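First residue of the sequence shown: 219, per this note's numbering; consecutive thereafter. Beta carbons are placed, not taken as given, at the ideal position from N, Cα and C, and that holds for glycine. Here the structure is a predicted model, which means the values were calculated and not measured.
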Amino acid sequence: MQGTLNTGGGTPQETPFLGGGTPRTLLAAWAACGVFTVWAWPRVAVVPYGGSVAINCSRSACPLGNTTLGLDTPLLVALGATGHQWQSFWLLNVSQWNPGKATCYGQCGDSQGNASAEVLVYRLPDQVLLDPLPPLPMGESQNLTCHVLEVAPVVNLTVTLRRGADTLRTVGFGAVNGSTNVTVTHVLSAGPEDHGQDVTCHAELSLRPHGPLFATSMSPPQWLGMCSPVSPDWFPVWWEHWNWCAPSPWPPRRAPHGG
Numbered sequence: 219m220q221g222t223l224n225t226g227g228g229t230p231q232e233t234p235f236l237g238g239g240t241p242r243t244l245l246a247a248w249a250a251c252g253v254f255t256v257w258a259w260p261r262v263a264v265v266p267y268g269g270s271v272a273i274n275c276s277r278s279a280c281p282l283g284n285t286t287l288g289l290d291t292p293l294l295v296a297l298g299a300t301g302h303q304w305q306s307f308w309l310l311n312v313s314q315w316n317p318g319k320a321t322c323y324g325q326c327g328d329s330q331g332n333a334s335a336e337v338l339v340y341r342l343p344d345q346v347l348l349d350p351l352p353p354l355p356m357g358e359s360q361n362l363t364c365h366v367l368e369v370a371p372v373v374n375l376t377v378t379l380r381r382g383a384d385t386l387r388t389v390g391f392g393a394v395n396g397s398t399n400v401t402v403t404h405v406l407s408a409g410p411e412d413h414g415q416d417v418t419c420h421a422e423l424s425l426r427p428h429g430p431l432f433a434t435s436m437s438p439p440q441w442l443g444m445c446s447p448v449s450p451d452w453f454p455v456w457w458e459h460w461n462w463c464a465p466s467p468w469p470p471r472r473a474p475h476g477g
């Protein structure tokens with residue numbers, strides 16, 4: 219069922235005579251003094267795109283017994299578990315990125331109350347990818363580029379580029395409607411001490427404090443290799459662990475010894 223869903227109360231219950239008036243007039247006096255209240259929990263319902271989540275609506279006591287308790291939302295709804303003064307509702311197959319508030323409402327005689335819950339829809343990244351890194355010539359720089367694919371909401375996303383245990387760059391994002399791709403670039407320059415380090419990209423989608431979800435996705439690491447710009451034949455033996463920066467896929471022939 220989509221839209222408004224409610225459950226009705228029963229008939230008034232018999233109440234012992236306490237003196238000073240009829241049971242019905244005593245209950246009416248109590249209702250006039252009391253405040254009828256409705257609550258919604260959780261206040262922010264966190265749900266993956268296409269998934270389902272429960273919202274619990276509860277109310278204060280209603281001695282008159284003539285009560286209703288329901289949920290108003292544009293999403294597909296089904297009744298869940300129920301109890302004394304509460305009713306749960308399932309939001310099914312949530313496929314709207316911004317469905318708006320789900321509002322619990324109730325009535326006790328002529329008194330009404332309502333409370334709303336936000337619905338936060340998320341999607342974990344499909345992939346986190348680093349562009350391939352060719353060997354980096356000494357003294358030169360190149361772009362380190364990370365792609366985070368199909369993630370939402372990006373306002374809750376943080377992307378961090380790391381070289382080994384060192385953080386190179388951390389980026390946050392503004393609000394965007396729906397699922398989207400993001401790209402983060404950093405100009406990478408490295409010295410001899412960085413040869414052989416792993417370069418990684420980390421995507422964190424934090425939905426705290428509304429839920430326990432704190433998801434981290436990491437790209438496959440890229441190996442950071444340094445290379446010498448000329449043939450290794452021109453370098454002393456202690457440089458032999460370096461690669462030669464080939465100008466093309468087919469390395470040219472090395473320069474001969476002795477000139």
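Give me the Cβ distance between residue i and residue j, rounded to the nearest whole Å; I'm assuming they're in contact under 8 Å.
i: THR376; j: GLY396; result: Actually they do not touch by this definition, with Cβ atoms about 19 Å apart.
i: GLY324; j: GLY318; result: Not quite, the Cβ-Cβ distance comes to about 20 Å (not below 8 Å), so this is no contact.
i: VAL402; j: CYS364; result: 5 Å
i: ASN316; j: SER270; result: The Cβ separation is near 17 Å, so there is no contact.
i: VAL339; j: VAL265; result: 6 Å
i: CYS326; j: LEU367; result: 50 Å between Cβ atoms; not a contact.
For residue i, does the count of other Cβ atoms within 10 angstroms reach 16, so buried, or fall short, so exposed?
i: PRO371; result: buried
i: PRO343; result: buried
i: GLN432; result: The question names Gln, but residue 432 is Phe in the sequence shown. PHE432 should be labelled exposed.
i: GLY288; result: buried
i: THR385; result: exposed
i: ALA299; result: exposed
i: PRO469; result: The predicted position of PRO469 is uncertain, since its pLDDT is 39 and thus under 50; no value can be drawn from it.
i: ALA296; result: exposed
Return the residue from the list the options that minimises the CA-CA distance to residue i.
i: SER437; options: LEU289, GLY429, ARG380 and VAL295; result: ARG380
i: THR286; options: PRO292, THR363 and VAL256; result: VAL256
i: GLN440; options: GLN314, HIS302, LEU297 and HIS420; result: HIS420
i: THR362; options: VAL373, VAL295, THR388 and VAL339; result: Note that residue 362 is Leu in the sequence shown here, rather than Thr. For LEU362, the nearest C-alpha among the options comes from THR388.
i: VAL369; options: PRO292, SER435 and ARG277; result: SER435
i: SER216; options: VAL264, GLY392 and VAL253; result: A query on residue 216 cannot be resolved here, the shown segment of the chain reaching from 219 to 477 and no further.
i: PRO350; options: PRO427, ASP416 and GLY283; result: ASP416
i: GLN525; options: GLU422, PRO292, PRO353 and VAL264; result: Nothing can be reported for residue 525: it is not among the residues displayed for the chain, which extend from 219 to 477.
i: LEU406; options: GLY429, MET356 and VAL400; result: MET356
i: ARG341; options: THR321, GLN360 and GLN314; result: GLN314
i: SER359; options: VAL400, HIS404 and LEU367; result: HIS404
i: THR291; options: VAL400, CYS322 and GLY327; result: CYS322
i: PRO353; options: LEU294, THR398 and GLY414; result: GLY414
i: LEU293; options: ALA272, SER424 and ASN284; result: ALA272
Discussion item. Below 8 Å, how does it come out for the stretch 253-267 and the stretch 333-349: are there three or more Cβ pairs, yes or no?
Written reply: In short, these stretches touch, since the Cβ pair count reaches three.
Fill in: Length at least 3, wholly inside the stretch 327-387: the beta strand (DSSP E) runs in chain order
Within the stretch 327-387, the beta strand (DSSP E) runs of at least 3 residues that lie entirely inside it are, in chain order, 329-340, 345-348, 359-369 and 375-381.
Practice prompt. Determine, using beta-carbon pairs with one atom in the stretch 276-283 and one in the stretch 292-305, whether at least three such pairs fall under 8 Å.
Written response: Touching, yes, given that three or more Cβ pairs across the two stretches are closer than 8 Å.
Worksheet entry | Entirely enclosed beta strand (DSSP E) segments - the stretch 247-286, minimum 3 residues | Within the stretch 247-286, the complete beta strand (DSSP E) runs of at least 3 residues are 256-259, 262-266 and 271-277.
Worksheet entry | Entirely enclosed beta strand (DSSP E) segments - the stretch 396-441, minimum 3 residues | Along the length of the stretch 396-441, whole beta strand (DSSP E) runs at least 3 residues long occupy 398-407, 416-424 and 432-436, reported in chain order.
Fill in: Every unbroken alpha helix (DSSP H) within the stretch 279-323, with a cutoff of 4 residues, ordered by chain
Those alpha helix (DSSP H) runs which fall completely within the stretch 279-323 and span 4+ residues do not exist here.
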